[in-house]
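Have a look at the structure below, then the notes.
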Amino acid sequence: MNLKRSLLKVKNFLQVFMEYKIKEECKLEYEKWMPEVKSKVIQSGGNDYEWFQSIEQGSLYVEMFKVPSYEKYLEIKKTRQSESEPIFKSIIPFIEGGSKKIHCWAFERKE
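Residue numbering for the sequence shown follows full-length UniProt numbering, starting at 1 and increasing by one per position.
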């Protein structure tokens with residue numbers, strides 16, 4: 001997506017993927033926090049939220065949701081990778097490598 005287009009509302013929602021690895025000893029505590037994280041993502045503008053755990057790498061988790069614009073994606077990404085929002089901050093100690101290891105991408109649907 002070029003920068004000029006990024007300032008426009010995207011015709012269809014963008015699909016966001018957030019991926020990170022949880023410390024093995026923290027998985028249960030992390031999973032207890034996730035309903036609140038999900039609610040906060042939705043409150044922040046994410047739609048159709050889904051949460052997955054890798055079958056092959058049990059400590060690898062992915063969150064997927066849709067956002068209406070590139071700007072909304074950047075806003076959520078910035079908040080998730082910082083410690084400014086208390087609910088999102090709550091899971092950072094469980095992530096291998098901390099907030100720098102929250103990988104986030106936005107994808108545009110192709111026909």
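Heads up, the beta-carbon is just placed ideally off N, CA and C, and yes, glycines get one too.
Residue 95 holds the alpha-carbon nearest to the alpha-carbon of residue 24 among 109, 105, 95, 103.
Annotation: residue 51 to residue 63 spans about 4 Å, alpha carbon to alpha carbon. Here residue 84 is actually not in contact with residue 92; their C-beta atoms are around 11 Å apart, not less than 8 Å. Nearest neighbour of residue 102 by Cα position, chosen from 108, 77, 90, turns out to be 77.
In the displayed model, residue 38 falls within a helix according to three-state DSSP.
Remark: C-beta atoms of residue 45 and residue 67 approach each other more closely than 7 Å. DSSP places residue 88 in no beta strand (DSSP E) but in the uninterrupted alpha helix (DSSP H) bounded by 86-91.
For residue 82, the secondary structure class from DSSP, reduced to helix, strand or coil, is coil. Looking at 20, 55, 29, 14, the one whose alpha-carbon comes closest to that of residue 47 is 14. Taking C-alpha positions only, residue 30 is separated from residue 109 by approximately 31 Å.
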